[in-house]
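Enquirer:
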Amino acid sequence: MTKTVTDVICPFCGTLCDDVECVVSDDGKQLLEVYNACVIGTEKFLHSQAKDRVTRPRLRQDDGSWKEISYDEAVEYSAQMLAKAKKPMLFGWSSTNCEAQSVGNEIAEISKACCDNTAATCHGTTLIAVQDIGLPSCTLGEVKNRADRIIFWGCNPAHAHPRHMSRYSIFPRGFFTGKGQMSRKMIVVDPRPTDTAKMADVHLQVEQGRDYELLDALRVAFKGEWLPDVVAGVPAEKIREAADMMKSGRFGIIFFGMGVTQSLSKNHNIDAAIAVTKDLNEYTKFSIMPMRGHYNVTGSGEVFAWQFGFPFSVDLTRGFARYNPGDTSTIDLLIRGELDAMFTIGSDPGAHFPISAVKPIANMPSVCVDPHLTPTSGVSKLHVPVAFNGVEVGGNCYRMDNVPIDCRKVVEPPEGMLTDEQFLIKVRDRLKQLKGVA
Amino acid sequence: MSEYIIKNGHVFDPVQGIKGDKKDIAIKDGKIADKVSSAAKVIDAAGKTVMAGAVEIHAHIAGPKVNLGRIYRPEDKLFSCTPTKGMERMGGGASIPTTFKTGYEYAKMGYTTAMEAAMPPLFSRHVHEEIRDTPIIDEAAFPVFGNNWFVLEYLKNQEIENTAAYCAWLLKATKGYAIKVVNPGGTEAWGWGLNCLTVNDPVPYFDITPAEIIRGLIEANEYLGLPHSMHIHPNNLGNPGCYETTLDTLKLAEGYKAKNKFGREQVLHLTHTQFHSYGGTNWGDFESKAKEVTDYVNANKNITIDTGNVTLDETTTMTADGPFEHHLTGLNHLKWANVDVELETAAGVVPYIYSPNISVCAIQWAIGLEIPLLMKDPMRCYITTDHPNAGPFTRYPRVIKWLMSAKARETQINAFKHKDKVLSQTAIGTMDREISLYELAQMTRAGPAKSLGLSGMCGGLAPGMDADVAVYNFNPEKPVANPDDIEKAFSRCAAVFKSGVQVVSNGDIVSNGNKRTLWVNVKVKDNPQVTRDIKEKFIKYYSMTQNNYEALGHHFIPNPYALEVDAT
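This is the structure in structure tokens:
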């Protein structure tokens, strides 16, 4: 006999779908089938069942080979590394639960480390813009129930957040949006004709890197002022058409992704996009929301904020929290050679950082806590595999709209494996001994 | 558990009517005791003031909008960071301190219980995570109901029993404490960019008025017999002339009597009264209507209020009154954050600088002080700053100074740029009342505890109550040489005990205590209609499933304390 676990939360992207169903074997040890999740989510669940999964920590030897070690030895290596380091970095946190993040923050405080999450390479620019100008936003259920104007700017949910449009933004029939897709107008701004753009009522094919100009042009168009014939590669008539469409809605929202946050102008693009949203609130109701990537990158920002006061790139080396992205952000610290130990968890900087920032990781004491084999585990000195968060252990996570959802445990992890939180607690306790703190 | 005896202090305890007599306070097993053994540790309080731990009835200290404030205001951390020290975790933030700093700061001032005043139900798990990380003080959170679709739909048909059953369900699902109402109907209207500015403005689509929501929720509250009353932030906050809406709101409570087993006597708690006591028609003829509002409250015993004192600081306003924050950003042009929450509520955040050089801010300051000075019964008027809206809670000692010393008020009035305007638009210059220490204990301890239905537990020093005790370096027998000494004495306690554990010694944190999360567990009759409605709304309109909605488990609420209510 098999059992079905319902209301499972998918630990993949910021959409944080919580209606997944998993079929598990009677003894609760094997995950057999996944329903309702997208292909990426399904793969994430099923990957935990891989037969060739690494289940014990491995330490890199002088000859380059891996040697399997016990968790206790891995704890000792990690604690010693953090105790000795002058400026360690605890990076990642976006693919683990808030309880583990909380313990990690204690470790950072004891070892006077820098701590940072993946926002540093993703929506950190959004957070900087929010600190400049604010953020009129809403929860995804508001979009489902009220929104009749949906703008996707520099994002491609058809591929990156596959269930976003069906659960929240385009297709659902909500309280005031009984006709579903028919009651909504969709605008996509993207230099590429993506699969999302193909669905749009209006596709503004902006010239690459010219988003700021287009956003400013929209603000001009709202006021009915003069525009050049073409702005950012988009004809003025088309801009006015989009502007009128936005203004004439009852409730609209701009979803934006890395196409604007990490292209030319970065946070200034988001400044302008938020200004557009503020302007629209003079005519109707409008919101804006970043399409957060990792399923709990939002949660990491929240935990950092209530414990240290800042959402990412926090530097505790002086004994109190400082925040200065560009100075205290991971890539910059790595490239400048300021770090002397790297502790990575719930993220893969090896695959996403520039090579000039990855090389230093390979040349310093480093730990990678990750259930998978990744480029980061490949360059780190110690790889600590752990239970899959959201599959083999529960814990709180935050959706892209900051709504907290408590993940569920679906199956047992392979025997003897620790979770992120359990491993971190051991490291913390050993570190306290080494540092002589109560 | 250790025993303590606090000897020879001047005790102020309204619960027992003790007005500064020298008395020993014994602590045993976490409670105030009649006597303790000779092994008890002696705390010498000679020449000091001893009161119960203070009770915060309304502050925004945990949850999504507080954290949004932290995230989007790095500047609030400038010069306000505190390093790791002994058992204190590092902290930061002036108007929106981090959770650890929040707990320590309250404890150091002698506060041992605090209420988070607005919990969006959908975000209850976030609120509880932050409460968990706020050390020492007991906390509870009020879920907001005044714009909730279930409530609007039930009350449109005057279905009190269904409303009550829904409230009971939501209190349990969110581990909430009381029925909070913020800009009833207006925040739902904000879903469309609109607002309700009087108690008779109809709510778009739902076709119900704020007055009907307020009355219905008072009735539901008394039907259930909850420890606290309906706790309201009325419509039309912060606008010149808003006192009329405030009086209209208060009049809705006429004829209702409190029904509960917790000793609570009011049916309506009006919060941050200062923001609701404005006269005039614009910012030029803006004036105080504190007298009109307090006259009404003085005459109607079924109402309690808190003040919402402006402290003349740079701060961060945050409220579930979404349309107000949009209005405010239009006034001061500072950054605006907003979160609309599906089916339930909304919230906004805008920084604000209460400058002593701006006449409106100075008048607001005066109104905040006029209210407690005009209130005849200090058991029905509590000191708050609506933290962080009118000022950070860390300024309570300064507010106490202004209330206890007419000289301190005069000094401040003389420092205002528009002193004449303050004197012509308010009556603060004519008031010579000085709040006594006994009245202070009523306004910060016994009063709020009674209003919250916690009078058997905290806010007093009678044997059997929780041993929450604060010892201040303030000698009531000596005349006050300088009003600033009052502020200094109430800023840092000589000693604080929380449930019998000494948490502060000479102004330093010595223990992280045994913090509890209070919530209200109401038993109601099985109500199939409400059960079905909840299920249907989750399937059709919420963006998460019903089974994932409840705040449940050790990682959210490690040390719960449920007040049981039987409404079957």
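Note that the protein sequences, when read in sequence, are chains F and H.
Just so we're aligned: the first sequence equals residues 1 to 438 in the numbering used here.
Just so we're aligned: the second sequence equals residues 1001 to 1568 in the numbering used here.
Positions of the beta carbon are idealized from the N, C-alpha and C atoms, including for glycine.
Here the structure is a predicted model, which is why all the values come from computation and not from measurement.
If you reduce the DSSP assignment to three classes, tell me which class Glu1254(H) lands in.
Expert: For this step, residue 1254(H) is matched to residue 254 along the second sequence. If DSSP states are grouped into helix, strand and coil, Glu1254(H) belongs with coil.
Enquirer: Kindly list the residues whose CB is nearer than 8 Å to the CB of His268(F), restricted to its own chain and excluding five residues on each side of it in sequence; keep chain order.
Expert: Walking along the first sequence from the start, residue 268(F) turns up at place 268. Correct list, in chain order: Ala129 and Tyr212.
Enquirer: With burial defined as no fewer than 16 other Cβ atoms inside 10 Å of the residue's Cβ, what is the status of Tyr1561(H): buried or exposed?
Expert: Taking the first residue of the second sequence as 1, we reach residue 1561(H) at position 561. With fewer than 16 Cβ atoms within 10 Å of its Cβ, Tyr1561(H) is classed as exposed.
Enquirer: Can Gly1368(H) and Thr1411(H) be called in contact, C-beta distance under 9 Å?
Expert: Position 368 of the second sequence, counted from the start, is the residue given in the question as residue 1368(H). Position 411 of the second sequence, counted from the start, is the residue given in the question as residue 1411(H). For Gly1368(H) and Thr1411(H), no; Cβs fall outside 9 Å.
Enquirer: Note down, one range per segment and in chain order, each alpha helix (DSSP H) of at least 4 residues found wholly within the segment 66-134 of chain F.
Expert: Correct list: 71-84, 98-110 and 124-133.
Enquirer: Checking contacts by CB at 9 Å: is Ser1359(H) closer than that to chain F?
Expert: Against the second sequence, residue 1359(H) aligns to sequence position 359. So, not an interface residue.
Enquirer: Does the structure place the segment 1234-1249 of chain H close enough to the segment 1277-1292 of chain H that three or more beta carbon pairs sit under 8 Å?
Expert: Yes, they touch.
Enquirer: Skipping 5 residues on each side, what residues in its chain have a beta carbon closer than 7 Å to that of His352(F)?
Expert: Walking along the first sequence from the start, residue 352(F) turns up at place 352. If you ignore the 5 residues before and after His352(F), its C-beta comes within less than 7 Å of the C-beta of Thr121, all in its own chain and listed in chain order.
Enquirer: Using only the alpha-carbon positions, how far apart do Val54(F) and Phe45(F) sit?
Expert: Numbered from 1 along the first sequence, position 54 holds the residue referred to as residue 54(F). Numbered from 1 along the first sequence, position 45 holds the residue referred to as residue 45(F). Each residue's Cα considered, the two are about 16 Å apart.
Enquirer: I'd like to confirm the pairing. Which residues does DSSP put opposite Ala1299(H) in its beta bridges?
Expert: Position 299 of the second sequence, counted from the start, is the residue given in the question as residue 1299(H). For Ala1299(H), DSSP records no beta bridge to any residue.
Enquirer: Is Leu424(F) helix, strand or coil by DSSP?
Expert: By one-based count along the first sequence, residue 424(F) stands at place 424. Leu424(F): helix per DSSP, three-state reduction.
Enquirer: Measure the C-alpha to C-alpha separation of Gln1529(H) and Asn1521(H) and round it to an integer number of angstroms.
Expert: Counting from 1 along the second sequence, the entry for residue 1529(H) is found at position 529. Counting from 1 along the second sequence, the entry for residue 1521(H) is found at position 521. For Gln1529(H) and Asn1521(H), the distance between alpha carbons rounds to 20 Å.
Enquirer: How about Thr298(F) and Gly252(F): are their beta carbons less than 9 Å apart?
Expert: Numbered from 1 along the first sequence, position 298 holds the residue referred to as residue 298(F). Numbered from 1 along the first sequence, position 252 holds the residue referred to as residue 252(F). No.
Enquirer: Do we get a CB-CB distance below 9 Å when we pair Asn296(F) with the residues of chain B?
Expert: No chain B is present in this structure, whose protein chains are F and H.
Enquirer: Give me the residue from Lys51(F), Val427(F), Lys112(F) and Val143(F) with the minimum Cα distance to Leu339(F).
Expert: The count along the first sequence starts at 1 and reaches residue 339(F) at position 339. Of the listed residues, the one whose Cα sits closest to Leu339(F) is Lys112(F).
Enquirer: What residue range is occupied by the uninterrupted beta strand (DSSP E) comprising Ser366(F)?
Expert: On the first sequence, residue 366(F) is found 366 positions in, with the first residue counted as 1. Ser366 to Val369 is the span of the beta strand (DSSP E), which, as asked, contains Ser366(F).
Enquirer: Please report the distance separating the alpha-carbon of Gln61(F) from that of Lys67(F).
Expert: Sequence index remark: in the first sequence, residue 61(F) carries index 61 (1-based). Sequence index remark: in the first sequence, residue 67(F) carries index 67 (1-based). The alpha-carbon atoms of Gln61(F) and Lys67(F) are separated by roughly 7 Å.
Enquirer: Could you list the residues in the segment 134-163 of chain F with a C-beta less than 7 Å from some C-beta on chain H, going in chain order?
Expert: The residues in question are Gly134, Leu135, Pro136, Ser137, Cys138, Thr139, Leu140, Gly141, Glu142, Lys144, Asn145 and Arg146.
Enquirer: Suppose you measure from the CA of Asp370(F) to the CA of Phe1416(H); what does that come to, to the nearest Å?
Expert: As a first step, residue 370(F) must be located in the first sequence, where it is residue number 370. As a first step, residue 1416(H) must be located in the second sequence, where it is residue number 416. Cα to Cα, the separation comes out at about 60 Å.
Enquirer: Since Gly1053(H) and Thr1112(H) should fall inside the 8 Å C-beta cutoff, what is the C-beta to C-beta distance between them, to a whole number of angstroms?
Expert: Sequence index remark: in the second sequence, residue 1053(H) carries index 53 (1-based). Sequence index remark: in the second sequence, residue 1112(H) carries index 112 (1-based). Indeed they touch by this definition, with Cβ atoms about 3 Å apart.
Enquirer: Using alpha carbons as the reference points, say which of Glu1439(H), Asn1300(H), Trp1336(H) and Ala1178(H) lies closest to Ala1220(H).
Expert: Numbered from 1 along the second sequence, position 220 holds the residue referred to as residue 1220(H). Of the listed residues, the one whose Cα sits closest to Ala1220(H) is Ala1178(H).
Enquirer: Is Gly259(F) close to chain H? Criterion is C-beta to C-beta, closer than 9 Å.
Expert: Position 259 of the first sequence holds residue 259(F). By this cut-off, Gly259(F) is not an interface position.
Enquirer: Check this for me: beta carbons of Val427(F) and Ser94(F), under 9 Å apart or not?
Expert: Counted from its first residue, the first sequence places residue 427(F) at position 427. Counted from its first residue, the first sequence places residue 94(F) at position 94. Contact check for Val427(F) against Ser94(F) fails: the beta carbons are separated by 9 Å or more.
Enquirer: Just to confirm the assignment, what range does the alpha helix (DSSP H) spanning Leu46(F) have?
Expert: In the first sequence, residue 46(F) corresponds to position 46, counting from 1. Note, Leu46(F): alpha helix (DSSP H), Val39 to His47.
Enquirer: I want to see whether chain H comes within less than 9 Å of Phe91(F), judged by CB atoms only; does it?
Expert: If you number the first sequence from 1, residue 91(F) lands on position 91. Not an interface residue.
Enquirer: DSSP puts Asp1351(H) in a beta bridge; with which residues?
Expert: Start at 1 with the first residue of the second sequence, and residue 1351(H) comes out as number 351. First, the amino acid is wrong: residue 1351(H) is Pro here, not Asp. According to DSSP, Pro1351(H) bridges with Thr1316(H).
Enquirer: Which residue spans inside the segment 1401-1472 of chain H form an unbroken beta strand (DSSP E) run of at least 3?
Expert: Those beta strand (DSSP E) runs which fall completely within the segment 1401-1472 of chain H and span 3+ residues are 1469-1472.
Enquirer: What separation, rounded to the nearest whole angstrom, lies between the Cα atoms of Ile1232(H) and Ala1320(H)?
Expert: Here residue 1232(H) is taken as the residue at index 232 of the second sequence, counted from 1. Here residue 1320(H) is taken as the residue at index 320 of the second sequence, counted from 1. If you take the alpha carbons of Ile1232(H) and Ala1320(H), they lie about 11 Å apart.
Enquirer: State yes or no: is the C-beta of Ala243(F) within less than 9 Å of the C-beta of Ala275(F)?
Expert: As a working note, residue 243(F) is residue 243 in the first sequence. As a working note, residue 275(F) is residue 275 in the first sequence. Not in contact: Ala243(F) and Ala275(F) (Cβ atoms no closer than 9 Å).
Enquirer: Check whether the segment 1487-1495 of chain H touches the segment 1396-1406 of chain H, taking contact to mean three or more Cβ pairs, one atom from each stretch, closer than 8 Å.
Expert: yes
Enquirer: What distance in whole Å lies between the Cβ atoms of Ala1117(H) and His1060(H), which are believed to be in contact at a cut-off of 8 Å?
Expert: As a first step, residue 1060(H) is located in the second sequence; it is residue number 60 there, counting from the start. As a first step, residue 1117(H) is located in the second sequence; it is residue number 117 there, counting from the start. Contact flag correct, Cβ pair sits at about 6 Å.
Enquirer: Taking just the CA atoms, how far does Leu1312(H) sit from Leu1440(H)?
Expert: By one-based count along the second sequence, residue 1440(H) stands at place 440. By one-based count along the second sequence, residue 1312(H) stands at place 312. Separation of Leu1440(H) and Leu1312(H) (C-alpha to C-alpha, rounded to the nearest whole angstrom) is 21 Å.
Enquirer: For the alpha helix (DSSP H) containing Gln181(F), list its first residue and its last residue.
Expert: For the purposes of this step, residue 181(F) is identified with residue 181 of the first sequence, where counting begins at 1. The continuous stretches of alpha helix (DSSP H) do not include Gln181(F), and DSSP gives it neither H nor E.
Enquirer: Rank Lys1257(H), Gly1103(H), Tyr1549(H) and Asn1183(H) by C-alpha distance to the C-alpha of Pro404(F) and give the top, closest one.
Expert: The residue given as residue 404(F) occupies position 404 in the first sequence. The residue with the shortest Cα to Cα distance from Pro404(F) is Tyr1549(H).
Enquirer: Answer with buried or exposed for Val39(F), where buried requires no fewer than 16 other C-beta atoms within 10 angstroms of its C-beta.
Expert: Start at 1 with the first residue of the first sequence, and residue 39(F) comes out as number 39. Exposed, because fewer than 16 other Cβ atoms sit within 10 Å of the Cβ of Val39(F).
Enquirer: Indicate whether at least one CB of chain H lies closer than 9 Å to the CB of Phe310(F).
Expert: Counting from one through the first sequence, the residue named residue 310(F) turns up at place 310. Yes, contact with chain H.
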